[in-house]
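2 protein chains.
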Amino acid sequence: MGAQSPAGLGVTPSDSSASPIPADHAGVTDLFAVLAYGEISAFYRLSEEATLSPTLRGKVAVARMAAAELAHFERLDAALSARGADVYAAMAPFTRALDDYHRSTDPSTWLESMVKFHVGDGIAADFYREIAGALSPDVAAVVRDVLADTGHSEFVVEEVRRAVAASRSERDRLTLWGRRLLGEAITQAQYVMAQRDELTELVLAATGDLNGIATLFEHMQSAHAERMAVLGL
Amino acid sequence: MGAQSPAGLGVTPSDSSASPIPADHAGVTDLFAVLAYGEISAFYRLSEEATLSPTLRGKVAVARMAAAELAHFERLDAALSARGADVYAAMAPFTRALDDYHRSTDPSTWLESMVKFHVGDGIAADFYREIAGALSPDVAAVVRDVLADTGHSEFVVEEVRRAVAASRSERDRLTLWGRRLLGEAITQAQYVMAQRDELTELVLAATGDLNGIATLFEHMQSAHAERMAVLGL
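Just so you know, the protein sequences line up as chains S and P, in that order.
Residue numbers are given in the numbering used here: position 143 of the first sequence equals residue 143, and the series is strictly consecutive.
Add 1000 to the 1-based position in the second sequence for the numbering used here, that's all there is to it.
Pasting the structure below:
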């Protein structure tokens, strides 16, 4: 999840002066685990989609992005071990939702793959970064580290901007694609939350209440629009 | 190319007191380039073959191996840049031979994939390490670094040993597979050398003469047999 988020979504927990969610909250293990599975799936998704790259340069760029995702996985693996959790057992409840997301948003072109990398992961990053705001500093640091931009978005932004500047139909097609990514990501995020009580509790604690969650999703949509604009979409 | 070589094949250039091949030999760029393409192909081959893994643990192990190959690619990319060469242009003459090798040795099971990783890359590593012995120290250091064992072979050895200890037919099948890998690797190595005059010259200078090359291939075969034995094959 290497995509960059527009600075500050402006969402804060309903009471930002409240104590942070304790590091031993059971949902923290779930949060690290869903992030870890996200990273390892992103590694394989990127590696697969690299076959769509028209150039060897593109393939190398994608390999670098994939390796950055793996480095994030390692950080989460260490954080889970430090909590006494086994990364594979912890990830198990989340594999289905993330696999479904990737299956339902399988890019058919190189540009779709690049937009998915940038926009899809950006949506996820916004979500997790907001939750991080309510976590204790040590836990938040892990989340922010693994969501940090890995310096590869520049490559993606240039590839996409060039293509959509040159072709109106490509732009229309990718705009629709971006909208679909947002829809699928939100569907799966809701599914993941509903799946795991501990994680639901953590998200509720982080956002304040159900209204807080609604506000978070609204802000994710505006951040998504900004990100699409950066791509020329 | 992360596989480990049995220590010392005992091949030395015909006159080991001769000065090393100068760092500005045109074949050095070719050597770095073929290694670089080998690493990037290995990255993608591993990532693809990970779908054969029966477990998520296996998938993560393979992602780690792939990321180690990419780190080696980065080292070669830097070494090529330092020589004023563009990595993509330099790799172009070698893509066909390496792609052909991978196409002709496409694993159909997880165990075949693991044997290919360990044995196939081991064969290549033996070849390049022997050449390195005749190179100037700076150049040899790059070659040895990128062929260094990345600490993942233990995982592979255990997976394969366990499977072949449990099944005689699996053992027979994988023994044949290992033999095929050796044949294909030698075919492609000869093709690569014949393709590029500068590289042929460098290999000849490193091994002494045509007899030296024959001796090198013989030693590669015994090293291969040792490596198969380690796997229980």
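In this text, a Cβ means the ideal position worked out from N, Cα and C, and glycines have one as well.
Excluding the 5 residues flanking it on each side, P/Y1128 has same chain C-beta neighbours closer than 7 Å at L1035, V1143 and L1147, in chain order.
Per DSSP, the beta-bridge partners of S/I21 are S/L135. Taking a beta-carbon distance threshold of 8 Å, S/M65 does not count as an interface residue toward chain P. Contact annotation: in the stretch 1032 to 1048 of chain P, residues whose CB is within less than 9 Å of a CB in chain S are Y1037, I1040, F1043, Y1044, L1046, S1047 and E1048.
The Cβ-Cβ distance between S/R171 and S/L233 falls below 8 Å. Between the beta-carbon of S/I123 and that of S/H224 there is about 6 Å, and that keeps the pair under the 8 Å contact cut.
Residue nearest to P/D1106 within the set P/L1231, P/R1180, P/I1131 and P/P1137 is P/R1180 (criterion: CA-CA distance).
For S/R161, the enclosing alpha helix (DSSP H) starts and ends at S153 to A166.
The C-beta of S/S113 has 16 or more other C-beta atoms within 10 Å across all chains shown, which makes the residue buried. The alpha-carbon of S/R196 is positioned some 56 Å away from that of P/Y1191.
Residues of chain S whose Cβ lies closer than 9 Å to the Cβ of P/M1091 are, in chain order, L56. Note on geometry: alpha-carbon atoms of P/R1064 and S/V230 lie some 33 Å from one another. Of the residues assessed, S/Q188 falls on the buried side of the cut-off, its CB having 16 or more other CB atoms within 10 angstroms.
P/E1069 has its alpha-carbon roughly 7 Å from the corresponding atom of P/A1042. With a contact defined as Cβ atoms closer than 8 Å, S/A185 and S/G120 qualify at about 6 Å. Think of a sphere of 9 Å around the beta carbon of S/L210: no beta carbon from chain P falls inside it, the nearest being about 33 Å out.
The beta carbon of S/D30 lies closer than 6 Å to those of R196, E198 and L199 in the same chain, with the five residues before and after it left out. In this chain, P/S1053 is not harboured by any alpha helix (DSSP H), its DSSP state being neither H nor E. Think of a sphere of 7 Å around the beta carbon of S/Y101: no beta carbon from chain P falls inside it, the nearest being about 17 Å out.
S/A23 is a Cβ neighbour of S/D138, given a cutoff of 8 Å.
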